[in-house]
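Enquirer:
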Amino acid sequence: MPSLAQMNGSLHIHQFYIDKLKANQERLFGSDPELAQLLDNVAAVLSEHAVALAEDIAEMEYEDG
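Just so we're aligned: 353 in the numbering used here is position 17 of the sequence shown, and the numbers increase by one with no gaps anywhere.
(1) Looking at the structure shown, is D355 part of a helix, part of a strand, or coil, going by DSSP?
(2) Might you give, ordered along the chain, the residues of its own chain that have their beta carbon closer than 8 Å to the beta carbon of E391, omitting 5 neighbours on each side?
(3) Residues in its own chain within less than 8 Å of G401 by CB, not counting five upstream and five downstream?
(4) Between the C-alpha atoms of V387 and L371, what's the straight-line distance to the nearest angstrom?
(5) Could you check how far apart the C-beta atoms of E397 and L340 are, in whole angstroms? I think they sit under 8 Å.
(6) Straight-line CA distance for Q373 to V381?
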């Protein structure tokens, strides 16, 4: 199982890419709505995974505390 530090790092990476995807999605919405929708879908999947990671991190912190 990954360490708490690794999980926190992974969560930060997820958040970074979610922000990048959303920024590009907004930029592309007028010129390429299909690509914008695809980026939105990918961001949604990453967001779901980020929520699960955050829950796992909270559980690990609770168990360590």
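Just so you know, even glycine gets a beta-carbon here, dropped at the ideal spot from N, CA and C.
Expert: The answer reads as follows:
(1) In the sequence shown, counting from the first residue as 1, residue 355 sits at position 19. Three-state result, D355: helix.
(2) Here residue 391 is taken as the residue at index 55 of the sequence shown, counted from 1. So no residue of the chain qualifies.
(3) For the purposes of this step, residue 401 is taken as residue 65 along the sequence shown, with counting starting at 1. The answer is none, since no qualifying residue turns up.
(4) Within the sequence shown, numbered from 1, the residue matching residue 387 stands at position 51. Within the sequence shown, numbered from 1, the residue matching residue 371 stands at position 35. Going by the C-alpha atoms only, they are around 24 Å apart.
(5) By one-based count along the sequence shown, residue 397 stands at place 61. By one-based count along the sequence shown, residue 340 stands at place 4. Yes, E397 and L340 are in contact; Cβ-Cβ is about 7 Å, under 8 Å.
(6) Along the sequence shown, read from residue 1 onward, the residue named residue 373 stands at position 37. Along the sequence shown, read from residue 1 onward, the residue named residue 381 stands at position 45. In a straight line, the C-alpha of Q373 is about 13 Å away from that of V381.
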